[in-house]
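*Asks:*
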Amino acid sequence: MSILSIVSVGLLALVVAGITLLIARRKAVADGGSDSDSQSFVGGVLNALFTVVLAFYIVFAWQNGDDIESAAKQEANALTDIYWQASVAPAPQAAAIQSLTEQYAERVVDHEWAALDESRTDPEVDRLLNALRGEVLALPADDEAVKSAREQSLQSIRQIDEGHRERVDIATDSKTFNTVLLAGSALGAALMIAFPLLVGLSMRPANIASMVLLSSTLGLVLYLSTALMHPLSGPFGIDPDPFRTTLEGFSRTTTSGA
1291 MSILSIVSVG
1301 LLALVVAGIT
1311 LLIARRKAVA
1321 DGGSDSDSQS
1331 FVGGVLNALF
1341 TVVLAFYIVF
1351 AWQNGDDIES
1361 AAKQEANALT
1371 DIYWQASVAP
1381 APQAAAIQSL
1391 TEQYAERVVD
1401 HEWAALDESR
1411 TDPEVDRLLN
1421 ALRGEVLALP
1431 ADDEAVKSAR
1441 EQSLQSIRQI
1451 DEGHRERVDI
1461 ATDSKTFNTV
1471 LLAGSALGAA
1481 LMIAFPLLVG
1491 LSMRPANIAS
1501 MVLLSSTLGL
1511 VLYLSTALMH
1521 PLSGPFGIDP
1531 DPFRTTLEGF
1541 SRTTTSGA
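If you're matching positions, the sequence shown starts at 1291 in the numbering used here and goes up one per residue.
#1: If you reduce the DSSP assignment to three classes, tell me which class Met1482 lands in.
#2: How many angstroms separate the CA atom of Ser1515 from the CA atom of Leu1472?
#3: Counting Cβ pairs closer than 8 Å, one from the stretch 1332 to 1346 and one from the stretch 1439 to 1458, do we hit at least three?
#4: Quick check: Arg1457 and Ala1517, are their CB atoms within less than 8 Å of each other?
#5: Look up Ser1622 in the DSSP assignment and say whether it is helix, strand or coil.
#6: What number of angstroms, rounded off, separates the C-alpha of Ile1450 from the C-alpha of Asp1407?
#7: Helix, strand or coil, according to DSSP, for Ile1498 in the structure here?
#8: Could you spell out the range, first to last residue, of the alpha helix (DSSP H) harbouring Gly1527?
#9: Take Ile1359 as the anchor and find which of Val1436, Ser1500, Arg1455, Pro1382 has the nearest alpha-carbon.
#10: What is the C-beta distance between Ser1446 and Asp1371, in whole angstroms, given that I count them as a contact (C-beta under 8 Å)?
#11: Does the distance from the C-beta atom of Asn1534 to that of Val1343 stay below 8 Å?
#12: From the DSSP output, in three-state form, read off Asp1451 for me.
#13: DSSP three-state call for Pro1413: helix, strand or coil?
#14: Among the candidates Pro1382, Ala1381, Ser1377, Arg1423, whose CA atom is the shortest distance from the CA of Tyr1394?
#15: What's the gap between the Cα of Gly1509 and the Cα of Ala1499?
#16: Please report the distance separating the alpha-carbon of Arg1410 from that of Ser1475.
#17: Please state the DSSP three-state secondary structure of Phe1533.
#18: Using alpha carbons as the reference points, say which of Gln1375, Ser1523, Asn1367 lies closest to Ala1404.
#19: Start and end of the alpha helix (DSSP H) containing Pro1521?
#20: Among the residues of its own chain, which have a CB less than 7 Å from the CB of Pro1430, if the five just before and after it don't count?
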């Protein structure tokens, strides 16, 4: 959590505390004449609506991160399979295929992941995948072992393509629905703070402390909720660890074979 965010939440709490003190000076509030069961009922309804909208937002936003991670694992596993399948191919073609699998994983880790976080695509990843497909298609079909590896590798390339498309679509999507839910959550949080201030609170320290705690908690919740809008960065961001693990496996293989 950044220092700016902490300061913002703290300022929000101070503002709410000040407003609470000012409104509490009204005679009707001080006398307790503004309290009623109906106000408690309305406050409860606002609380319930806020909770429901926020829960829906968190579920949908969190699912985006899970789907990206799942797609990344699918790609990484398929890359590993192609790398090992290529070991039965003639040496020049095997080296070309294995090199392209490494380049693909490296490009995702070093460039595409950051680009997708900014809702941009990386055409170089598509070029590498097309080059990999071309090398696999060029494998000879007269040897049964190579033919089997060729067919299995083409299936893995299809899985990479599907996983990559899903990952890109999720990361670059406008997220309109999630944005609406987040806006509804922010509105609900504002109403939860504004409602008790509008209906009136007494100047008891417990009431002021409760409003400060409420505003601080809601401010923190909204900050964390906003971070969920960016599934590839922030406190809940998904890292390209599946690709890093794949590259480490390639590196160990190269070292042991040297």
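The C-beta atom is built at its ideal place from N, Cα and C for all residues, glycine as well. Quantities reported herein were computed from a predicted structural model and do not represent experimental measurements.
*Replies:* If we stick to the structure as given:
#1: Mapped onto the sequence shown, residue 1482 falls at position 192. Correct three-state label for Met1482: helix.
#2: Locating residue 1515 in the sequence shown gives position 225, where the first residue counts as 1. Locating residue 1472 in the sequence shown gives position 182, where the first residue counts as 1. C-alpha separation (whole angstroms): 7 Å.
#3: no
#4: The count along the sequence shown starts at 1 and reaches residue 1457 at position 167. The count along the sequence shown starts at 1 and reaches residue 1517 at position 227. For Arg1457 and Ala1517, no; Cβs fall outside 8 Å.
#5: Any property of residue 1622 remains undetermined from this structure, which presents the chain solely from 1291 to 1548.
#6: Translated into the one-based positions of the sequence shown, residue 1450 becomes position 160. Translated into the one-based positions of the sequence shown, residue 1407 becomes position 117. Taking the straight line from one Cα to the other gives about 20 Å.
#7: Taking the first residue of the sequence shown as 1, we reach residue 1498 at position 208. Correct three-state label for Ile1498: helix.
#8: Numbered from its first residue, the sequence shown carries residue 1527 at position 237. Per DSSP, Gly1527 belongs to no alpha helix (DSSP H) and is neither H nor E.
#9: One-based indexing of the sequence shown puts residue 1359 at position 69. It should be noted that the sequence gives Glu, not Ile, for residue 1359. Considering only alpha carbons, the answer is Arg1455.
#10: One-based indexing of the sequence shown puts residue 1446 at position 156. One-based indexing of the sequence shown puts residue 1371 at position 81. Yes, they are in contact, since the Cβ atoms of Ser1446 and Asp1371 sit about 5 Å apart, within 8 Å.
#11: Taking the first residue of the sequence shown as position 1, residue 1534 is located at position 244. Taking the first residue of the sequence shown as position 1, residue 1343 is located at position 53. The displayed chain sequence assigns Arg, not Asn, to residue 1534. No, Cβ-Cβ distance for Arg1534 and Val1343 is not below 8 Å.
#12: If you number the sequence shown from 1, residue 1451 lands on position 161. Asp1451: helix per DSSP, three-state reduction.
#13: Numbered from its first residue, the sequence shown carries residue 1413 at position 123. Here Pro1413 sits in helix by DSSP.
#14: By one-based count along the sequence shown, residue 1394 stands at place 104. For the residues Pro1382, Ala1381, Ser1377, Arg1423, the minimum Cα distance to Tyr1394 belongs to Arg1423.
#15: The residue labelled residue 1509 in the question sits at position 219 within the sequence shown. The residue labelled residue 1499 in the question sits at position 209 within the sequence shown. Whole-angstrom Cα-Cα distance: 15 Å.
#16: Within the sequence shown, residue 1410 is the residue found at index 120, counting from 1. Within the sequence shown, residue 1475 is the residue found at index 185, counting from 1. Those two C-alpha atoms are separated by around 28 Å.
#17: Reading the sequence shown from its first residue, position 243 is the one you call residue 1533. Three-state DSSP puts Phe1533 in a helix.
#18: In the sequence shown, residue 1404 corresponds to position 114, counting from 1. The shortest Cα separation from Ala1404 among Gln1375, Ser1523, Asn1367 belongs to Ser1523.
#19: Residue numbering aside, residue 1521 sits at position 231 when the sequence shown is read from its first letter. Neither: Pro1521 is in no alpha helix (DSSP H) and is coded neither H nor E.
#20: Working through the sequence shown from its first residue, we reach residue 1430 at position 140. Same-chain partners within the cutoff: Val1436.
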